[in-house]
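Undergrad:
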Amino acid sequence: MKKFRKVLDGLSSSSPGGVASPSCGSAAGTPTAHAPTPQDIHVQETLVSENFHICKTVRHGFPYQPTCLAFDPVQKILAIGSRTGGIRILGRPGVDCYSQHESGAAVLQLQFLINEGALVTACADDTLHLWNLRQRRPAILHSLKFNRERITFCHLPFQSKWLYVGTERGNTHIVNIESFVLSGYVIMWNKAIELATKAHPGPVVHLSDSPKDEGKLLIGFESGTVVQWDLRAKKVDFRIYYDEAIHSVSWHHEGKQFMCSHSDGSLTMWNLRNTARPIQITYPHGKILKDGRKESCKPILKVEYKTSRNSSEPYVIFSGGLSYDKSGGRRPTLTIMHGKAITVLEMDHPIVEFLVLCDTPYSNEVQDPYAVVVLLEKDFIVVDLTQSNFPIFENPYPMDIHESPVTCTAYFAECPPDIIPILYSIGAKQKKTGYSHKEWPVSGGTWTLGSQTYPEIIVTGHADGTVKFWDASAITLQMLYKLKTSKVFEKPKVGEGRAGELVEEDPYAVQMVSWCPHSRLFCVVGISAHVILYRFSKHDANTQIVSLEVRLQFDSEDVISPSEAENNPCFSDPSSHSPQPPGSPGSGTQDSLPCLKVKNRPVRMPPGYQAELVVQLQWVDGEPPQQITSLDINSAYGLLAFGNCNGLTVVDFLQKTILMCMGTLDLYGAADPYQRLTRSPRKNRQSTSDFCMRGLSHFYSDSKKRIRTSYQSLTELSDNQVSMDMERSKSPTSDHVNGHCTSPTSQPCSVGKPRITGVPEGPRLTRRGPGRPPFRKAQSAACMEISLPVSSHTEGGYASRRAMLQQLHGVSMYSHDEHHTTSYNWSERAESRENSFSRSRSSSVSSIDRDTKESVTTLQFGESYGRKGDALPTACLWVGTSLGVVLLLPISIPTEEEERMEEPITMGPSGTVLMLKGSVLRFAFLDCGGALIQSPYEVWRDPNGPEDPDRPRRRKLVNFSPSSSQEACSDGHLAVVCSEKQAKVILMPTQAVLFTHNITESSFLLRADVVSVCNSVCLACFCANGHIMTLSLPSLRPLMDINYLPLTDLRIARTFVFTNGGQALYLSSPTEIQRLTYSQEMTDNLQDMLGELFTPIETPEAQNKGFLKGFFGGNAQTFDREELFGEAAAGKASRSLAQHIPGPMGLENMKTAAGGVVGDLARARIALDQRGERLGELEERTALMMNSAETFSTHAHQVMLKQKDKKWYQL
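Residue numbers for the sequence shown follow numbering that gives the first Met the number 0, so the first one is 0 and each next one is one higher.
Printed below as a string of structure tokens:
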């Protein structure tokens, strides 16, 4: 009968947007005299589907896995290519554009069409692309796919429309940039080398035209051969052979000599007058040993040879070349040689590429270098060459997001307007010094502050315990303030006690944060099972940090069996389930230690966020504490709550006491809906010191840290107890996504006896601590674990989420069940999985038996009704669990401030239980008019500010009571509850379910937030299958469902978050934050918010070198490439060699596709140029007509004079 009732309830709740009967809700009862009924709720919803649209806005951070670099010296914009096919184009602060090749092939090389607003990219799939930069979002104009040869190098001369392309076979092809088709002119490798040469010269590694003569092309082959090809005569001028492989070539601006870098760490200088041997061979970092041999050195990967007006000595700048003996313990270097001075700059990461920035775009002029752009694997710096100590410029871009791996994110829109200036003023004191005083050299593009801007702040937590606050207003990102949570603790010493066993690499890693911008309270949850509470102050302080220790554990013996429930109903003796407090008999002193040691002395704290309270979970019975899965803080109540898979802890941070510490089962009282079976007795556990919390820096490997791979950590992350005891039963788990449990193993199959309401409020609870939990590894955004459920394929049970996770990575998994061990392999069972991110919920009784351990997945303080009979709202704590259960805990708080600091707070389970499918993710409260009710908060006051004796300092509270928000409904409010499967809207205090919507059946939600969009509210959801959905409130009517990500990334799942104003963000790579909007209004205004990449600038004129230099051949010789490479002279290239792929825009639209004011100016300028050309042509035709008329007049006059004196008969 119970199952039949459950089926009927499921059918009645399956219709979205319909009003469910009271029986559909959990324990819905008769409404009170003052409470509204479901018939009284009439909300006018304003949101429609047309209000929503998904669009990426901007990407912040360092380009992940960069490969190449390019710079436009006239426009002063910079482009960076990446291994994943991305392009980042940077200009002045605010000008930051990200584009992506659809193929995802690595970008090998970038070439700007200098001052033309276009960019050529060469990708690893042997395709050339032409990008139009004359619009706010660059687009591909043309593509050219090489079919038979692989591209290795490209070169585009300044003000030329012909691109030289070198290939792996050693051939050089020529591409017309305008039409993007191949010319018939080809330089074959066998014509470039001598006929007597038997070996292939290797791929083309360098192409450049001679600064002295554009008709001469220098071709460098990998084997060490350099050839100068005469384009007009179609023959070789000279050939150079060297024993070592060539990596790069750089010309002197006069075109009389050039320099090569080689694989043996040498630099060779060659003069065109004598190409038989180099005029100079140097080993900058190599010495001659005692036996006369040269010291072996690493290759010099690139060299730049630049001249300067202010000095007769040239600059020689190169990367690499260190001797193997010295480079063993040294970091990557960039060497700057200027005359006899040699400066070696050590880098923190390997050098990918560097560029020397010069004033002139002409290669035949004195270069005058002023900066060096160095692209590292994980950083981006610019060195000032104009100062002797070579300082670096202060980077205006947020390139240091990944300074330590990001482990969690939070996004706050519509913050108080004063919070950003005050954080900036405090954070300005933290900035480093010693930067160059000159302006940032990459200053191209234009950007203006949009009209629709509001304060936005992004908070990132990191693996080293730091928390960074970023100003994200107007789609920019600037660092505001940096907080180091590790300063609260003593530095751990490895091997010192129990805490020492826990510490390995990242003991301070931030797992989740909670921030109230109004009260400026900030709370951090660390991976070592600690919670730190911070208050903001403008003044420094020297205070003692209060530390509280909690034993929040749960023993398997606490699980209720049916027989136990009969003999001991309703947990009539709570002490039987409460472990002994610290220091009591039976608790080992070594087990009562927290993971970290808080500083027990007064600590000087600078202005900013100052630690006030630390709450730590203790080790119990040789096992570390479980990870904290949920957190909430309320400044008005003065309470802090957090939970994990063992239970719930509530802390009064005003009185610095533990208010409640209960196991999850104790929260039910007598209203537990599950019939839980006992598990097998456990044998003695193995020591878990070998399974201590691991480091999080899986995506970052440098010389300072020993990093393990993400695969290792993913396989170590266990849903079961880490033990080889085969008789231990499986425990339920929670996979945390942004601090929320996303994957209880199964859906509750049947509901037992209904909850008993009206249970008396429990007394004030003292510190408690249940026993031993199954140990679980630390996890963060660095390891990026989410639950990946599988269907039931094993006898008598189901495959765990850990099995699925390991199958995704092709590793074996051993499931420690009571009687058997099962091995899984992804390749063998892949055909039985629907997809990686689909969930199969088993409703078998065995799965419920296994999930006797319930996690607290979400918490929310607010003004609500703790019981059905309540007439007035009171302070409550809403608790959501991994089994889809919602519990309410009413709180009794003294109203007077003096009593609040002295009198105890009472709270306890009310017996109210609501049920949903899947683990609970989010709570929110609406008034009866559909407006969002904010949680009450305390107005910020400086705790260390000077006191006024005439005006004593008192707490100022702001309370958004449901009773005052809607007069029409008198008392009452709506509660929005969303789980990973389902959403419900509940009317309080009757607890009647008004609306129910089953969001997904085949997958599950990773994130759900109630946000404000277009002056209304909606429920925004991100699903594990990549869908982004929005539902109206309170009717839960679907408004948008878009497949945003075809294959959900684990990292995205960990860091995705929604915020107000129709915005969201996620960590798209270990180093980048991707922001997006799901609002149509913001999408329409996005063009005005983005920066312009192209600005119309006059191309600088070439310098006039004077008569003498021109007379003696100093000026460069020009020639018409069209005559050589055009179809009339060279013919057509083979169609099978390359395939032309037209882009979405034609060439005729290249200069007219720009949008905005700058685009209008560009179009006007082009129109004026065309008009000027037509006027010039008209003037020329007029002059020709005048000349013809004068000639005709002259001839007529001469004829007249000749015939003047003749008689009539002489005519």
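Just so it is clear, CB atoms sit at the ideal spot from N, CA and C, and this is done for glycine as well. The structure presented is a predicted model; accordingly, all values stated were derived computationally and were not measured.
Residues bridged to ILE1041 by DSSP?
TA: Here the question's residue 1041 lines up with position 1042 in the sequence shown. Partner(s): ILE1027.
Undergrad: Report the rounded CA-to-CA distance for ARG940 versus MET906, giving the unit in angstroms.
TA: Indexing the sequence shown from 1 puts residue 940 at position 941. Indexing the sequence shown from 1 puts residue 906 at position 907. Approximately 28 Å between the Cα atoms of the pair.
Undergrad: Is the beta carbon of THR306 sitting closer than 9 Å to the one on HIS252?
TA: Here the question's residue 306 lines up with position 307 in the sequence shown. Here the question's residue 252 lines up with position 253 in the sequence shown. Yes.
Undergrad: Please report the residue range of the beta strand (DSSP E) in which GLY879 lies.
TA: Indexing the sequence shown from 1 puts residue 879 at position 880. It spans 873 to 880 - the beta strand (DSSP E) in which GLY879 sits, taken as one unbroken run.
Undergrad: Between the region 264 to 277 and the region 235 to 244, do three or more beta carbon pairs fall short of 8 Å?
TA: yes
Undergrad: Would you report the Cα separation of ALA473 and THR56, rounded to the nearest angstrom?
TA: Numbered from its first residue, the sequence shown carries residue 473 at position 474. Numbered from its first residue, the sequence shown carries residue 56 at position 57. Rounded to the nearest angstrom, the two C-alpha atoms are 11 Å apart.
Undergrad: Let's see if you can read the secondary structure: which residues bound the beta strand (DSSP E) around MET659?
TA: Counting from one through the sequence shown, the residue named residue 659 turns up at place 660. From DSSP, the beta strand (DSSP E) with MET659 extends over 656 to 662.
Undergrad: Jot down the residue ranges of each uninterrupted beta strand (DSSP E) in the region 528 to 553, minimum 3 residues, whole runs only, in chain order.
TA: 529 to 536, 540 to 542 and 545 to 549
Undergrad: Do GLY338 and PRO298 have their CB atoms nearer than 9 Å?
TA: The count along the sequence shown starts at 1 and reaches residue 338 at position 339. The count along the sequence shown starts at 1 and reaches residue 298 at position 299. Not a contact, by the Cβ cut-off of 9 Å.
Undergrad: Could you check how far apart the C-beta atoms of TYR864 and PRO988 are, in whole angstroms? I think they sit under 8 Å.
TA: Reading the sequence shown from its first residue, position 865 is the one you call residue 864. Reading the sequence shown from its first residue, position 989 is the one you call residue 988. Confirmed, Cβ separation roughly 3 Å.
Undergrad: Just list the beta strand (DSSP E) runs in the region 426 to 478, keeping only unbroken ones of 3 residues or longer that don't cross its boundaries, in chain order.
TA: 455 to 461 and 465 to 470
Undergrad: Does LEU321 come out as helix, strand or coil in the three-state DSSP assignment?
TA: By one-based count along the sequence shown, residue 321 stands at place 322. Reduced to three states, the DSSP call for LEU321 is coil.
Undergrad: Could you tell me which of CYS357, LEU140 and ALA69 sits nearest to PHE179, measuring between CA atoms?
TA: Here residue 179 refers to the residue found at position 180 when the sequence shown is read from its first residue. Ranking CYS357, LEU140 and ALA69 by Cα distance to PHE179 puts LEU140 first.
Undergrad: Inspect the CB distances between the region 410 to 422 and the region 362 to 371 and report whether three or more fall short of 8 Å.
TA: No, the region 410 to 422 does not touch the region 362 to 371.
Undergrad: Pull up the CB-CB distance for VAL957 and LEU913, whole angstroms please, since I reckon it's below 8 Å.
TA: The residue labelled residue 957 in the question sits at position 958 within the sequence shown. The residue labelled residue 913 in the question sits at position 914 within the sequence shown. Incorrect: roughly 28 Å between the Cβ atoms, too far for contact.
Undergrad: Kindly indicate which residue of ALA195, GLU221, GLU364 and ARG58 has the alpha-carbon position closest to the one of PRO210.
TA: By one-based count along the sequence shown, residue 210 stands at place 211. The alpha carbon of PRO210 has as its nearest neighbour, out of ALA195, GLU221, GLU364 and ARG58, the alpha carbon of GLU364.
Undergrad: Report the residue ranges of all beta strand (DSSP E) runs contained in full by the region 194 to 275; include only those spanning at least 3 residues, in chain order.
TA: 203 to 208, 215 to 220, 224 to 229, 234 to 240, 245 to 250, 256 to 261 and 266 to 270, all fully within the region 194 to 275.
Undergrad: Near ASN1042, what residues of its chain come up, given a Cβ to Cβ distance below 8 Å and the 5 sequence neighbours on each side ignored?
TA: Here residue 1042 is taken as the residue at index 1043 of the sequence shown, counted from 1. Excluding residues within five positions, the ones whose Cβ falls inside 8 Å are ASN1024, GLY1025 and HIS1026.
Undergrad: What are the boundary residues of the beta strand (DSSP E) that includes GLU611?
TA: Translated into positions along the sequence shown, residue 611 becomes position 612. 607 to 616 is the span of the beta strand (DSSP E), which, as asked, contains GLU611.
Undergrad: For GLU979, which residues of its own chain have a beta-carbon under 7 Å away from its beta-carbon, when the five flanking residues on both sides are left out?
TA: Counting from 1 along the sequence shown, the entry for residue 979 is found at position 980. Once the five neighbours on either side are set aside, the close Cβ partners of GLU979 are THR741, GLY917, SER918, LEU920, PHE1003 and LEU1004.
Undergrad: Whose C-alpha, out of ASP463, GLY928 and SER934, is nearest the C-alpha of THR873?
TA: Locating residue 873 in the sequence shown gives position 874, counting from the first residue. Nearest C-alpha to THR873: SER934.
Undergrad: Ignore the nearest five residues each way along the sequence and tell me which others in ASP1231's own chain have a CB closer than 7 Å to its CB.
TA: Missing from the structure shown is residue 1231; the chain here goes from 0 to 1210 and no further.
Undergrad: Can you confirm whether ARG82, when its beta carbon is compared against all beta carbons of chain B, has any partner nearer than 9 Å?
TA: No chain B appears in this structure, which consists of one protein chain only.
Undergrad: Please say whether ILE526 and GLN510 have beta carbons closer to each other than 9 Å?
TA: Here residue 510 corresponds to residue number 511 of the sequence shown, with the count starting at 1. Here residue 526 corresponds to residue number 527 of the sequence shown, with the count starting at 1. Their beta carbons are under 9 Å apart, which means GLN510 touches ILE526 by this criterion.
Undergrad: Just how far apart, CA to CA, sit LEU871 and GLY642?
TA: Here residue 871 is taken as the residue at index 872 of the sequence shown, counted from 1. Here residue 642 is taken as the residue at index 643 of the sequence shown, counted from 1. Near 28 Å, if we compare the C-alpha coordinates of GLY642 and LEU871.
Undergrad: When you compare the CB positions of PRO313 and HIS59, do they come within less than 9 Å of one another, or not?
TA: Working through the sequence shown from its first residue, we reach residue 313 at position 314. Working through the sequence shown from its first residue, we reach residue 59 at position 60. Against a cut-off of 9 Å, the Cβ pair of HIS59 and PRO313 comes out as no contact.
Undergrad: What's the call for ASN114, buried or exposed, on a 16-neighbour Cβ count within 10 Å?
TA: For this step, residue 114 is matched to residue 115 along the sequence shown. By the 10 Å Cβ count, ASN114 comes out buried.
Undergrad: Name the residue from MET1088, CYS296, PRO945 and CYS54 whose alpha carbon lies nearest to the alpha carbon of THR447.
TA: Position 448 of the sequence shown, counted from the first residue, corresponds to residue 447. When each option's Cα is compared against that of THR447, the closest is MET1088.
Undergrad: Whole-angstrom Cβ separation of ILE316 and PHE389, contact assumed at under 8 Å?
TA: For the purposes of this step, residue 316 is taken as the residue at position 317 of the sequence shown. For the purposes of this step, residue 389 is taken as the residue at position 390 of the sequence shown. Actually they do not touch by this definition, with Cβ atoms about 10 Å apart.
Undergrad: So, for SER546: in the same chain, excluding its five sequence neighbours on each side, which residues have a beta-carbon less than 6 Å away from its beta-carbon?
TA: Here residue 546 corresponds to residue number 547 of the sequence shown, with the count starting at 1. Taken in chain order, the residues that qualify are VAL597 and VAL613.
Undergrad: Could you compute how far the alpha carbon of PHE994 sits from the alpha carbon of ASP926?
TA: Reading the sequence shown from its first residue, position 995 is the one you call residue 994. Reading the sequence shown from its first residue, position 927 is the one you call residue 926. Those two C-alpha atoms are separated by around 15 Å.
Undergrad: Taking the straight line between their C-alpha atoms, what separation do you get for LEU89 and CYS594?
TA: Start at 1 with the first residue of the sequence shown, and residue 89 comes out as number 90. Start at 1 with the first residue of the sequence shown, and residue 594 comes out as number 595. So the alpha carbons of these two residues sit roughly 44 Å apart.
Undergrad: Taking Cβ positions, are CYS54 and MET1081 nearer each other than 9 Å?
TA: Mapped onto the sequence shown, residue 54 falls at position 55. Mapped onto the sequence shown, residue 1081 falls at position 1082. Yes, the pair counts as a contact, with Cβ atoms nearer than the cut-off.
Undergrad: Could you check which residue in TYR163, GLY1060, LYS233 and VAL174 has the C-alpha nearest to that of VAL204?
TA: By 1-based counting over the sequence shown, the position of residue 204 is 205. Across the set TYR163, GLY1060, LYS233 and VAL174, the C-alpha of TYR163 shows the shortest separation from the C-alpha of VAL204.
Undergrad: I'd like to confirm the pairing. Which residues does DSSP put opposite ASN1186 in its beta bridges?
TA: Here residue 1186 is taken as the residue at index 1187 of the sequence shown, counted from 1. Partner(s): none; ASN1186 has no beta bridge.
Undergrad: Going by beta carbon distance, what residues of the same chain come within less than 7 Å of GLY761, once the five residues before and after it are set aside?
TA: Numbered from its first residue, the sequence shown carries residue 761 at position 762. With a pLDDT of only 38 at GLY761, under 50, the local geometry of the prediction cannot be trusted, and the value read off the model is given with reservation. Here the set comprises GLY907 and PRO908.
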